[in-house]
């Protein structure tokens with residue numbers, strides 16, 4: 001890439017050698033003196049149309065100006081010719097320099113920040129397919145139009161997808177091209193883990209439609225779990241709840257728990273409780289809300305679930321819930337062993353009261 005500070009310093013040096021003020025040089029170039037000042041401070045670069053004029057006024061070659069006075073450029077240096085052609089909007093001639101081998105594509109990369117997007121895109125359209133490799137595409141991606149970049153990527157991914165390219169330029173690709181690449185990957189694998197890296201750039205609607213493929217076996221639940229942070233709440237909750245009354249798959253749901261809505265988790269806990277899926281409830285405990293825990297406490301008081309099971313959830317229960325449980329529990333059901341397990345989670349006053357109550361019943 002061209003170095004704005006070095007070029008700016010070189011312009012300043014040449015101007016002073018000509019004994020010109022910034023204002024005088026600006027008048028010759030038909031620009032503001034503020035623009036010249038910015039160049040010389042390295043804050044900006046002249047546009048591609050102005051560079052040949054500057055070189056002419058300061059009596060140096062374009063190549064020497066662009067190399068900031070370095071008189072030992074690489075043998076194939078053709079930046080000067082490229083700039084001349086681009087300043088005359090001769091984009092096809094620039095492509096010809098690269099295609100013929102007279103110029104290196106790296107030289108186009110060097111001056112890319114100076115070239116208008118429309119011009120660079122026209123050059124890219126005329127460049128041979130052999131000119132495009134990972135390094136070239138990645139370096140030119142920020143300066144190409146979305147349409148031009150899409151076309152290049154479509155060409156290089158026709159047979160096989162180079163994920164090194166796709167991942168690095170994904171922010172610059174259009175949604176339609178990203179979706180096309182995603183569809184191609186999905187057609188080849190039921191667990192396209194590469195798509196997780198593209199997920200931040202895929203449309204939410206596309207991702208939401210994508211996850212339903214898990215129902216017919218086109219994608220795995222492991223893949224959906226990896227994609228969960230990018231799936232909408234509505235789609236993810238609907239997917240989890242679909243058919244849950246008939247088939248309860250603990251393994252599928254646990255991995256998605258951090259991304260599920262509280263209402264969905266409440267529904268899952270209620271179903272799990274009715275089916276006796278207690279290991280599932282224990283694993284979901286960090287994500288269960290207060291309302292669901294209170295419902296479980298009521299079931300324990302009513303004898304619908306075993307007290308021993310509920311005690312496993314004690315670290316997640318509110319003190320009020322534990323106090324309610326013990327206050328409404330028959331003393332004969334509360335053994336010293338169970339009380340010992342609950343003790344770390346009970347207020348001192350409540351614990352003392354319960355111990356006294358137990359002693360009275362013995």
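In full-length UniProt numbering, the protein residues as written are 1 to 362.
Beta carbons are placed, not taken as given, at the ideal position from N, Cα and C, and that holds for glycine.
Relative to the Cα of residue 65, the nearest Cα in the group 291, 90, 39 belongs to 39. For residue 80, the enclosing alpha helix (DSSP H) has its first and last residue at 79-87. Counting only the Cα atoms, residue 123 lies some 8 Å from residue 93. Here the stretch 134-142 lies against the stretch 106-120, with 3 or more beta-carbon pairs under 8 Å apart. Judged by their CB atoms, residue 48 and residue 149 are not nearer to each other than the 9 Å cut-off. Taking 9 Å as the cut-off, the Cβ atoms of residue 5 and residue 58 do not count as close. For the stretch 117-198, the full-length alpha helix (DSSP H) segments reaching 4 residues or more read 117-126, 134-140, 146-156, 163-169, 175-186, 194-198 along the chain.
Cβ contact annotation for residue 179 (same chain, cutoff 6 Å, sequence separation greater than five): 206, in chain order. It is roughly 45 Å from the alpha-carbon of residue 220 to the alpha-carbon of residue 116.
DSSP places residue 15 within a helical segment (H, G or I) once states are collapsed to three. In the displayed model, residue 93 falls within a helix according to three-state DSSP.
Per DSSP, reduced to three states, the secondary structure at residue 8 is helical. The alpha-carbon separation between residue 54 and residue 86 amounts to approximately 15 Å. Of the other Cβ atoms in all chains shown, fewer than 16 fall within 10 Å of the Cβ of residue 216; this residue is therefore exposed. Annotation: residue 32 is outside any alpha helix (DSSP H) and is labelled neither H nor E by DSSP. Taking 9 Å as the cut-off, the beta carbon of residue 177 is found closer than this to the beta carbon of residue 154. A residue is called buried when at least 16 other Cβ atoms come within 10 angstroms of its Cβ; residue 112 meets this threshold and is buried.
Here residue 284 carries a helix assignment [DSSP, helix/strand/coil]. Sequence-distant partners of residue 125 (beyond 5 residues in either direction) whose C-beta falls short of 7 Å from its own C-beta, in its chain, are 148.
Under the DSSP assignment, residue 263 falls in the alpha helix (DSSP H) whose first and last residues are 262-275. Judged by their CB atoms, residue 88 and residue 10 are not nearer to each other than the 9 Å cut-off. A straight line joining the alpha-carbon of residue 146 with that of residue 25 spans about 37 Å. For residue 227, the secondary structure class from DSSP, reduced to helix, strand or coil, is helix.
With at least 16 other beta carbons inside 10 angstroms of its own, residue 264 counts as buried. Counting of Cβ neighbours within 10 angstroms places residue 228 among the buried residues, the total reaching 16 or more.
Following the DSSP letters along the chain, one finds residue 300 inside the alpha helix (DSSP H) bounded by residues 290-301.
Inclusion of residue 322 and residue 283 in the CB contact set at 9 Å is not warranted, their separation being larger than that value.
Residue 199 is positioned such that its CB atom lies closer than 9 Å to that of residue 230. Residue 172 is positioned such that its CB atom lies no closer than 9 Å to that of residue 196. By the neighbour-count definition (other C-beta atoms within 10 Å, threshold 16), residue 291 is an exposed residue. In this structure, DSSP gives residue 71 a state outside helix and strand, which the three-state scheme calls coil.
Close CB contacts of residue 127 within its chain, under the 7 Å cut and outside five residues either way in sequence, are with 95, 98, 99 (chain order).
Rounded to the nearest whole angstrom, the C-alpha separation of residue 42 and residue 7 is 7 Å. A straight-line Cα-Cα distance of about 20 Å links residue 165 and residue 203.
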